[in-house]
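First the structure, in the form of structure tokens, and then the observations on it.
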Amino acid sequence: MADRSELVVELKGWCHGKGLDEAHSLMVMVPEDVEIAQIEDTLHTVKCLGRVRVRGRTFSVKHNRIMALCECREQLKAENVPQEISPISGGEAWPVVIIGEAPASADEFSMKLLSLLQAEGKTLKDLRDFFPSSEPTTSTTDVLQIVGNLLEKTTKPSLDMGSYRRLRLFSGMLPTPCGKEQFDNWLEQAQLMVEESECADKEKRRRLMESLKGPALDIVKSARVTDPEISAAKCLEALENAFGTAESGEDLYFAFRIMRQQPTETTFLLSSNSQDCVENKPVTITHCQNPLDAELITLKKQVKRLQQKVSNRETEADVTVSKVEVSSKKRQPQNPSEEQFCYRCEENGYLASRRPNPENLNKVITRQIHSLKIANAKVDCSVKRSLVKAE
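Sequential numbering from 56 applies to the sequence shown in our numbering.
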């Protein structure tokens, strides 16, 4: 095959004539009987090229092959693109030419080596300390061996850089929506992920934010505004301060039972710190009335109104029948001499205890019968006609 540098020069001129980007263009040399669809299908087997389209073809008399100019969606790099591609139908491999095929210079290798050491926090002096020798290591092979040993000792294998189990969603809303996790359960899983995962802290923070929604995500975003490089542990601490509680249920219950103003008062008369109430705004405690109690009160009022209506109707029915007034004449007062007589001798004017005469029962009985007849004769049992109201 001819020198590849000549093919690179020819590819540059072809890209300039077609108006294609050199970083997304390549040239493949195929036999004469190969169709465009077969070229594209074969190049699609190389994943780093992306989608490939043939933009032009020409026959090279010097190479006795068809040279096809192709445009790729992905940017081409010399270390990723193979120099030859085997066709799908089988046969001889097709040479592939790209513009970025110039070999890396010594300066580029030195820059890559220094950037690698800087990322690991090491220097060239540390390399010599790891592998001391009497003679300086100047050959490229020795340097590559040293770098390989250094990476083997300093780099830990990351076990969870591939697939990982995502945390369940937590929104921070109450009541907890369907499909979301309770805060205590979610916090336990998140802390386990932060402590046990070997990935970088930036990756931990990304995984943490993937599982947050709603108010919980807003809290982490606010924390990141204050500190853009906040760690995942600090994010969990901010969430725990917002949604967690430092006291258990039993501690809160006993604290509630203890908070009384006086020993004789009930637990509902709580004593919030009087000094705080003076310094701060007064705390207004509103009573939330149970809707069932309100309905019961309404029903009682309705029953009371119905009872009043029934009693009023009964009163109106009774009023239709008037009371019959029986009047009796006043009994005229008797003379003291007629009323006061002795029950032993029947004499007027004194009592039996002061009687001067001897006892005479016959006269007394006769006197009493006469008094009863007079009393019955004086009773008036007449009824006024105007007081009787017919139905």
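Glycine included, each C-beta is placed from N, C-alpha and C at the ideal position. These figures come from a predicted structure and were not determined experimentally.
- Burial state of residue 206 is exposed, judged by a 10 Å Cβ sphere holding fewer than 16 other Cβ atoms.
- The three-state reading of DSSP puts residue 262 in helix, counting H, G and I together.
- Only buried fits residue 226, as 16 or more other CB atoms lie within 10 angstroms of its CB.
- Here residue 261 is actually not in contact with residue 248; their C-beta atoms are around 12 Å apart, not less than 8 Å.
- With a cut-off of 8 Å on Cβ pairs, the segment 134-148 is not in contact with the segment 110-119, counting fewer than three such pairs.
- Between residue 63 and residue 154 a beta carbon distance of about 6 Å is seen, short of the 8 Å cut, so the two are scored as contacting.
- Annotated three-state conformation of residue 111 is strand, per DSSP.
- Contact check for residue 87 and residue 104: beta-carbon distance about 23 Å, past the 8 Å limit, so the pair fails to qualify.
- Separation of residue 97 and residue 91 (C-alpha to C-alpha, rounded to the nearest whole angstrom) is 10 Å.
- Following the DSSP letters along the chain, one finds residue 280 inside the alpha helix (DSSP H) bounded by residues 269-281.
- Counted as a single uninterrupted DSSP element, the beta strand (DSSP E) harbouring residue 122 occupies residues 120-127.
- Straight through space, the alpha carbons of residue 273 and residue 250 are spaced by roughly 23 Å.
- For residue 275 against residue 290, the beta-carbon gap comes to about 5 Å, under 8 Å, which counts as contact.
- Under a 10 Å Cβ-count criterion, residue 82 is classified as buried, with 16 or more other Cβ atoms of the shown protein chains found around its own Cβ.
- The shortest CA-to-CA distance from residue 299 to any of 221, 238, 426 and 312 is the one to 238.
- Distance between residue 133 and residue 78, taken at the CA atoms: about 10 Å.
- When the alpha-carbon of residue 165 is set against those of 179, 430 and 351, the nearest one is in 179.
- DSSP places residue 252 outside both helix and strand once states are collapsed to three, so it counts as coil.
- For residue 63, the enclosing alpha helix (DSSP H) covers residues 59-73.
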